Each structure stands twice: as C-alpha cells, then as structure tokens.
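With the first letter of the sequence shown counted as 1, position 7 gets the number 7 in the UniProt record's numbering; the numbers rise by one all the way through. First comes the structure, then the notes that go with it.
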Amino acid sequence: TVADNIRYGPQLTGKKLSDDEVTKLLALADLDSSFASKNGNELSVGQAQRVALARTLANDPE
1 TVADNIRYGP QLTGKKLSDD EVTKLLALAD LDSSFASKNG NELSVGQAQR
51 VALARTLAND PE
C-alpha cells in the first residue's frame, strides 16, 4: 500500500512511522489520507510522484 511504501525508508533505519505521521506526510504532498490504503497501481502518474515526495520527506532530509 501507499502507507507501506512511505514507511519503507524509515523502517530500514529502525524508525517506525505511526498512521498519524503517514497522514501528515501525505498532507504535505497534497494527498488525502485515503491514499494510505491504496495500492500503487491505483495511482495516476502525478499521484505516484506525490507519494515519492512523501516517501522522501519520511526520511527526514536536512
């Protein structure tokens, strides 16, 4: 799911993101919280790019 995709990077470093944190990251990428439960193949190209942005932000870039 999109939520699993966003959690993947931080999970590699031992950090676990809560549902609320995932929702906040989706909001930063201008996506509704309902996207968290969608599969990647259900997204448009633009939506997938926004998920990629949320995934990048989840890693706490400086």
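Cβ atoms here follow ideal geometry from the backbone N, Cα and C, with glycine treated the same way. Small disclaimer: the values here were computed from a predicted structure and weren't measured.
| Item | Value |
| --- | --- |
| Assigned exposure category for A52 - 16 Cβ within 10 Å defines buried | exposed |
| CA nearest to the CA of V22, picked from A3, Y8, V45 and D32 | A3 |
| Whether A58 touches G14 by CB criterion (8 Å) | no |
| CA-to-CA distance, Q49 to T56, given in whole angstroms | 11 Å |
| Inter-residue spacing [alpha-carbon to alpha-carbon] between S37 and T1 | 6 Å |
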